[in-house]
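Straight run, no breaks: the sequence shown in UniProt numbering ends on number 106. The beta-carbon is built from N, C-alpha and C at its ideal position, and this holds for glycine as well. These figures come from a predicted structure and were not determined experimentally. Comments concern the structure below.
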Amino acid sequence: MLQKAFNHLSIPKLEPLIVPWPSNIVSIESEEQFNTSLRKVQDESLPAIFYFTAVWCGPCRLLSPVIGQLSEKYPHVTTYKIDIDKLFHGFESSGESSIISYIRLG
Numbered sequence: 001m002l003q004k005a006f007n008h009l010s011i012p013k014l015e016p017l018i019v020p021w022p023s024n025i026v027s028i029e030s031e032e033q034f035n036t037s038l039r040k041v042q043d044e045s046l047p048a049i050f051y052f053t054a055v056w057c058g059p060c061r062l063l064s065p066v067i068g069q070l071s072e073k074y075p076h077v078t079t080y081k082i083d084i085d086k087l088f089h090g091f092e093s094s095g096e097s098s099i100i101s102y103i104r105l106g
């Protein structure tokens, strides 16, 4: 009876909140792209952050908003975001429980 009373109500489907990254954050999708980006930063002495992350890495999830804020504060610095599970296959199964979060060059 209670269910019939609420049948006419439409509950909107909730979509996950996606917060866009600042434009100076580049997602690295391949090892080749990683190597090219690293060489460019080194050769041209560019300020950059290489941010290593993984969905299973708790500290990475905590650091993610900070990386976003820093990227907004310093738009001249390119941040390269690297998902280690996509780039370095099998890292999680290697027994490692943590990863280096970032490399700063320049």
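Alpha carbon to alpha carbon, how far is residue j from residue i? Give it in angstroms, no decimals.
{"i": "SER71", "j": "ILE25", "result": "7 Å"}
{"i": "ILE84", "j": "THR78", "result": "18 Å"}
{"i": "SER94", "j": "PRO59", "result": "Low confidence applies here, because SER94 scores a pLDDT of 45, under 50, leaving its location unreliable and the question unanswered by this model."}
{"i": "ALA54", "j": "LYS81", "result": "10 Å"}
{"i": "SER37", "j": "PHE88", "result": "16 Å"}
{"i": "LEU63", "j": "ALA48", "result": "16 Å"}
{"i": "LEU46", "j": "CYS57", "result": "28 Å"}
{"i": "GLU33", "j": "ARG39", "result": "The sequence shown places Gln at residue 33, not Glu. If you take the alpha carbons of GLN33 and ARG39, they lie about 10 Å apart."}
{"i": "ARG61", "j": "ASP43", "result": "31 Å"}
In three-state DSSP terms, what is residue i?
{"i": "SER37", "result": "helix"}
{"i": "VAL26", "result": "strand"}
Assign residue i to one of two classes, buried (16 or more other C-beta atoms within 10 Å of its C-beta) or exposed (fewer than that).
{"i": "VAL66", "result": "exposed"}
Considering only the beta carbon of each residue, do residue i and residue j sit closer than 8 Å?
{"i": "GLU29", "j": "LYS86", "result": "yes"}
Which residue spans inside the UniProt domain "Thioredoxin" (29–86) form an unbroken beta strand (DSSP E) run of at least 3? Those beta strand (DSSP E) runs which fall completely within the UniProt domain "Thioredoxin" (29–86) and span 3+ residues are 48–53 and 78–83.
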